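**Q**
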Amino acid sequence: MTTPIRDIFTEVPRTYEFLNHSLTFGQDILWRKEVARIVAGGGGKLWLDACSGTGELTVHLSKRASPDAVIITADFSVPMMRKALSRPEAGRVSFTIADVTRLPFRNESFDAITLSFATRNIESAGNLDTCLAEFHRVLKPGGRFVMLETSQPKHRPVRWLFHLYVKMTVRPIGQLVSGSSRAYAYLSQSMRAFHSPEELAEIIRTAGFLEVTF
Numbered sequence: 043m044t045t046p047i048r049d050i051f052t053e054v055p056r057t058y059e060f061l062n063h064s065l066t067f068g069q070d071i072l073w074r075k076e077v078a079r080i081v082a083g084g085g086g087k088l089w090l091d092a093c094s095g096t097g098e099l100t101v102h103l104s105k106r107a108s109p110d111a112v113i114i115t116a117d118f119s120v121p122m123m124r125k126a127l128s129r130p131e132a133g134r135v136s137f138t139i140a141d142v143t144r145l146p147f148r149n150e151s152f153d154a155i156t157l158s159f160a161t162r163n164i165e166s167a168g169n170l171d172t173c174l175a176e177f178h179r180v181l182k183p184g185g186r187f188v189m190l191e192t193s194q195p196k197h198r199p200v201r202w203l204f205h206l207y208v209k210m211t212v213r214p215i216g217q218l219v220s221g222s223s224r225a226y227a228y229l230s231q232s233m234r235a236f237h238s239p240e241e242l243a244e245i246i247r248t249a250g251f252l253e254v255t256f
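Counting from 1 along the sequence shown, just add 42 to a position and that's the residue number in my numbering.
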């Protein structure tokens, strides 16, 4: 993934989780729990948490996983992964420094793959098609790929309010708390420019995934 995206994620680990919770009014915690529930419902013994960051989703996956399940993470940001390694749940997780466009895993390795709040970053770097192809490669036949991401609201009034909220809160509050104007200017812009659910679902289908729902 490109250097500008990498650099952004070296600036925000200290305040990343606090801002996620604050800007979504705590809803992101519930969303991650739901992702973990869906993954656990599909069973399997080997799960990959891609672009795992500070390990927020990884924690929920570890709580849902059976005792003999293995959870592997993949992320390119060493500062973010250092924070993930400090979590009490880190002991049962295998952490991997890796670029998700070139995953160091064999074909058809994983029963489930998760990706939370990273699709926009991957697309901004021009790597979404490559990344989805890699996920498809390392996912077992019949496995589950579960993506958590913001998208454009369908109805115009709601979309207008969403864009207004993002513009008026994400950048100024993110900059104030984190001290990084670049990171949250980028976040604000990428959220407002991202796909609708229907568009994203079609991109995922084109990558070879079946039964895509949202």
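Glycine included, C-beta positions come from ideal geometry on N, C-alpha and C.
Predicted model, so just to flag it, every value in this text is computed and none were measured.
Report the residue from SER119, LYS105, LEU145 and ILE155 whose alpha carbon sits nearest the alpha carbon of GLY133.
**A** Closest by alpha carbon: LYS105.
**Q** For GLY83, does the count of other Cβ atoms within 10 angstroms reach 16, so buried, or fall short, so exposed?
**A** Exposed is the call here.
**Q** Using a 10 Å radius around the Cβ and a threshold of 16 neighbouring Cβ atoms, would you call TRP202 buried or exposed?
**A** TRP202 comes out exposed.
**Q** Can you list, in chain order, the stretches of the alpha helix (DSSP H) that have 4 or more residues and sit fully within the stretch 67-118?
**A** Taking only runs of at least 4 residues, the alpha helix (DSSP H) segments lying wholly in the stretch 67-118 are 69-83 and 98-106.
**Q** Secondary structure at PHE177, three-state DSSP: helix, strand or coil?
**A** Three-state result, PHE177: helix.
**Q** Check the Cβ-Cβ distances between THR255 and every residue of chain C, and say whether any is below 8 Å.
**A** You won't find chain C in this structure, because it holds only one protein chain.
**Q** Give me the Cα-Cα distance between ALA225 and MET122, rounded to the nearest whole angstrom.
**A** Distance between the alpha carbons of ALA225 and MET122: 14 Å.
**Q** Name the two residues that bound the continuous beta strand (DSSP E) containing LEU157.
**A** Looking at the DSSP string, the run of the beta strand (DSSP E) that includes LEU157 is 152-158.
**Q** Could you compute how far the alpha carbon of ILE215 sits from the alpha carbon of GLN194?
**A** Looking at the two C-alpha atoms, the distance is approximately 21 Å.
**Q** Using alpha carbons as the reference points, say which of ALA78, THR138, TYR228 and SER151 lies closest to SER158.
**A** Closest option to SER158, Cα to Cα, is ALA78.
**Q** Terminal residues of the continuous alpha helix (DSSP H) containing VAL248?
**A** It is Thr, not Val, that sits at residue 248 in the sequence shown. Residues 239-248.
**Q** Locate the beta strand (DSSP E) running through THR138, then write down its first and last residues.
**A** Note, THR138: beta strand (DSSP E), 135-139.
**Q** Rounded to the nearest angstrom, what separates MET210 and ASN163 at their Cα positions?
**A** Approximately 21 Å, taken between the alpha carbons.
**Q** Measure from the alpha carbon of GLU59 to the alpha carbon of each residue in ARG129, LYS87, VAL112 and LEU170, then state which is nearest.
**A** Measuring from the Cα of GLU59, the nearest candidate turns out to be ARG129.
**Q** On the three-state DSSP scale, how would you describe GLY168?
**A** In the structure shown, GLY168 sits in coil (DSSP, three-state: anything other than H, G, I, E or B).
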